[in-house]
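Take a look at the structure below.
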Amino acid sequence: MRRSEQRARAAARANASGANAPRNAPKATGRGSDRATAGRRADDRGGVVPRAVVPRASVDTAITVSHLSVGVAGGELILDDVSFRLHPGRILALVGESGSGKTTAALACMNHLRAGLELRRGTVELHAGASRFHPEAVDLLTLTERRTRGLRGGTIAYVPQDPALSLNGSLRVGEQIAEVLRAHEFGRDARVRDARVAEVLTEVGLPSDRAYQRRFPHELSGGQQQRIGIAMAFACRPAVIILDEPTTGLDVATQDLVLKTVYELTTKHDVAGLYITHDLAVVAQVADDVAVMLRGTIVERGSARQVLHHPENPYTRTLLDAVPDMAGAREMGGGPSVAPVHSVRAPWDDGLGREDGRGGDDVAGPSRSRDASTPRSEEATRGRGSGVVEPRASIEAGGSDPSWDASGVPAASGPGAAGGDRASVEPVVAVRGLRMAYGQAVILDGISMDLPAGRTTMLLGESGSGKTTLSRSVAGLNDRYTGQVLLDGRVLAPGTRQRTREQRQRIQYVFQSPFSSLNPRRSIGDSLQVPLEMNGELSRAQRRAAVADALDAVRLGRSYIDRRPGDLSGGERQRAAVARALVNAPSLLVCDEITSALDVSVQASVIELLREIQRERGLAMLFVTHNIALARHISHRLAVLEHGKLVEYGPTDTVLRDPRHEYTRSLLEHVPTLESAG
């Protein structure tokens, strides 16, 4: 960022500290002043002490983590001599694969260690003036649990990965934000707190009226739920905010909106941000500084531009090579992960045992210029224009796609190599006029497409566009549609129970979460044998041989037959899920967001695996994703859905190079890239 831009940004922050105070609060002279209206707070002994008011501008560093080492009780180290600083108005991204120690380091900033872990050495210093409760510097790791609870949510806020799990489903969203304010004694009375609830909802780009505040979490979209979580985190105007992969599973438009919201609020209110992620393209969008972690240590640090464009550590270069390139200028790195691999994953292990799959001095570097404009609402990304671009080739009922020929297949270095010249252009599965509605809400609106052997069709669209409903209809997991799904020209029954055994074998489904789709009580071998047992055609020895062949095909090996899902990493579990789908030798593989919870290097290896399997077996694939950057690396054809309607359909290269529909162009504009850094 230029010096003039830095000065302008600093001036904007100084002005914001007073302009955004609650209506009944006195004018602020610094960031801490607008909290003075909260009155007085009881200390641990039951006494009452006045809150300190320290101008935020006087604080250069909010938190310093020094020589932090955390290990398993009586065992190996999880963090080894980790050090970093968090500065007001800047976001530090902790980057690394699952198991690298990112979450453990971040939670230590809240004086929290998972069960089974112990502090070996190190400090986490909250600097003088950073907290309204602690005008003096304090080592957070020495605080009692009661005093720590007083800091969490008020001084140090946390935004978890899954908003659906973090929000109380029985409380209205406005009440949940107000509950945070009451817990931290923000405001003199209910009127001040109500005003703050409306204000923070507006700040995150959501409606602030009473009707919206009375909604329950299940009545909101995933992006709206995540922004409610961000509103709760910023409600008490914290000094530090920790964000644990808050955009995982969100479509590109919603992700872009959430990232802009986080960055704008962090810089506007001078909050020190710690962003945990494995997605380096997201880092380029939101981070000022980057620290790369490997096996519990920081191996590289610097400004976002320096680390992303001029990496010095080989591991950092490996992570960058694994980021999908939508322009197709380079191949994704598909090499093996260099993150630690443990034979047994435990609940305390950073990321590897989570149900969702999921050292040094100061990190310096100039801030980067940003578009600090007001975030666009989710609704603004939908329904642009009344015109609908017809698919590039119409498909008559019962016929094949006339535009599907060699011209629509990418070059051999990309997914076009999959299937080679052996691949037939005749569809294995065809979809004709698929429609579905819930009452007046149209979910699918006359969808038609072909799924040829040896080719991958990628379904793109925002959350709620109908991608998963369409894919489940093809697989027979949703039987409430009208229209036709044809296998080798024969119409299939809507539901799997009405389909023949052979038809069920021919179409297999890989679910989004390998953590919930595999039975934790069964060994991998037993889970893979279940579909074979249901078919009842093979002997026990034949079934075991088929399982071994499937594990070999996904590069796991036969040693995994007797292992349980809890012993596997996220990437290994997803490979096992793919193996389970392959044991029946299907003709069509439906993959529903199967890389959304995987870090970039594991994602690259899974994509490469699918391409190899397709090349070897001539599989047709329907790949459902919100990660448009994967398109050139896995798909031959793109189908873009908006509100259940197929608005664009054609060869991948053509759609990406020359999108005809405004909605497609909007999706492409929201895709994060490494070039955003700087």
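So for the sequence shown, my numbering puts the first residue at 1455; every next one is plus one.
In this text, a Cβ means the ideal position worked out from N, Cα and C, and glycines have one as well.
Going by Cα to Cα distance, which pick from Ser1554, Leu1540, Gly1550 is closest to Val1524?
Ser1554
Please report how far the alpha carbon of Ile1610 lies from the alpha carbon of Gly1604, in whole angstroms.
9 Å
Drop a sphere of 10 angstroms on the beta-carbon of Met1988, count the other beta-carbons inside from all chains shown, and report buried for 16 or more, exposed for fewer.
So Met1988 ends up on the exposed side.
At what residues does the alpha helix (DSSP H) containing Asp1899 begin and finish?
For Asp1899, no alpha helix (DSSP H) encloses it; the enclosing beta strand (DSSP E) starts and ends at 1895-1906.
On the three-state DSSP scale, how would you describe His1521?
strand
From the DSSP output, in three-state form, read off Thr1609 for me.
Thr1609: coil per DSSP, three-state reduction.
Among Phe2077, Glu1653, Pro1765, which has the Cα closest to the Cα of Thr2136?
Residue 2136 is absent from the model: the chain starts at 1455 and stops at 2132.
For the structure I just gave you, are there three or more beta carbon pairs, one from the stretch 2000-2015 and one from the stretch 2085-2100, closer than 8 Å?
Touching, no, given that fewer than three Cβ pairs across the two stretches are closer than 8 Å.
Using the three-state DSSP reduction, which class does Tyr1666 fall into: helix, strand or coil?
In the structure shown, Tyr1666 sits in a helix (DSSP, three-state: H, G or I).
For Ile2013, name the three-state secondary structure that DSSP assigns.
Residue 2013 is actually Ser in this sequence, not Ile. DSSP places Ser2013 in helix when its eight states are reduced to three.
For Ile1695, which residues in the same chain have their Cβ closer than 6 Å to its Cβ, ignoring the five residues on either side in sequence?
Ala1611, Ala1687, Val1725, Gly1727
Starting from Gln1678 and walking both ways along the alpha helix (DSSP H), at which residues does that stretch end?
Residue range 1676-1688 is occupied by the alpha helix (DSSP H) that includes Gln1678.
Going by CA-CA distance only, name the one from Arg2111, Thr2118, Thr1557, Thr1923 that's closest to Glu2102.
Thr2118
Any idea what DSSP makes of Val1939, helix, strand or coil?
Of the three classes helix, strand and coil, the one that applies to Val1939 here is strand, per DSSP.
Specify the secondary structure class of Ile2082 as computed by DSSP and reduced to three states.
helix
Which residues bound the beta strand (DSSP E) around Ile1752?
1751-1757
Under 8 Å by Cβ, that's how I've got Arg1691 and His1732 pegged, so tell me the actual separation to the nearest angstrom.
Not confirmed; about 29 Å, so no contact.
Tell me the residue span of the alpha helix (DSSP H) that contains Thr1950.
No alpha helix (DSSP H) holds Thr1950; DSSP gives it neither H nor E.
Using the beta-carbon count (16 or more within 10 Å), is Gly1628 buried or exposed?
buried
Should the stretch 2009-2021 be regarded as contacting the stretch 2036-2043, the criterion being three or more beta carbon pairs within less than 8 Å?
No: fewer than three Cβ pairs fall under 8 Å.
Here's a check: name, in chain order, each residue in its chain whose Cβ is nearer than 6 Å to the Cβ of His2097, leaving out the five neighbours to either side.
none
What are the residues that DSSP puts in a beta bridge with Met1747?
Ile1752
My assumption, with CB atoms under 8 Å, is that Tyr1717 sits in contact with Val1740. Please give the rounded CB distance.
5 Å
Among Asn1622, Ala1632, Leu1704, Asp1643, whose alpha-carbon lies nearest the alpha-carbon of Pro1671?
Asn1622
Three Cβ pairs or more, each shorter than 8 Å: is that satisfied between the stretch 1882-1895 and the stretch 1921-1930?
With the cut-off at 8 Å, the stretch 1882-1895 and the stretch 1921-1930 touch.
Note down, in chain order, each residue of its chain lying with its Cβ closer than 7 Å to the Cβ of Thr1701, except the 5 sequence neighbours on either side.
Residues Gln1709, Val1712, Leu1713, Val1736 of the same chain have their beta carbon placed closer than 7 Å to that of Thr1701, with the five preceding and five following residues left out of the count.
Please confirm if Val1777 has its CB atom under 9 Å from at least one CB of chain C.
The chain inventory of the structure shown lacks chain C, comprising one protein chain alone.
Tell me which same chain residues have a C-beta within less than 7 Å of the C-beta of Arg1955, skipping the five on either side of it?
Asn1989
Could you round the C-beta distance between Val2044 and Tyr1963 to whole angstroms and report it? I think they count as a contact, below 8 Å.
5 Å
What are the residues that DSSP puts in a beta bridge with Lys1431?
In the structure as shown, the chain begins at 1455 and stops at 2132. Residue 1431 is therefore absent and cannot be evaluated.
Do Thr2079 and Met1780 have their beta-carbon atoms positioned less than 9 Å apart in this structure?
no
Using DSSP with H/G/I as helix, E/B as strand and the rest coil, what is Asp1815?
Confidence at Asp1815 is low in this model, with a pLDDT of 36, below 50, so its placement is unreliable and no value can be given for it.
Which residue wins for smallest C-alpha separation from Asp2006, given the options Leu1992, Arg2017, Arg2029?
Arg2029
Which whole-angstrom value is the C-beta distance of Ala1738 and Leu1762, which I expect to be below 8 Å?
6 Å
Comparing alpha-carbon positions, which option in Val1646, Arg1645, Gln1667, Ala1644 lies nearest Leu1655?
Gln1667
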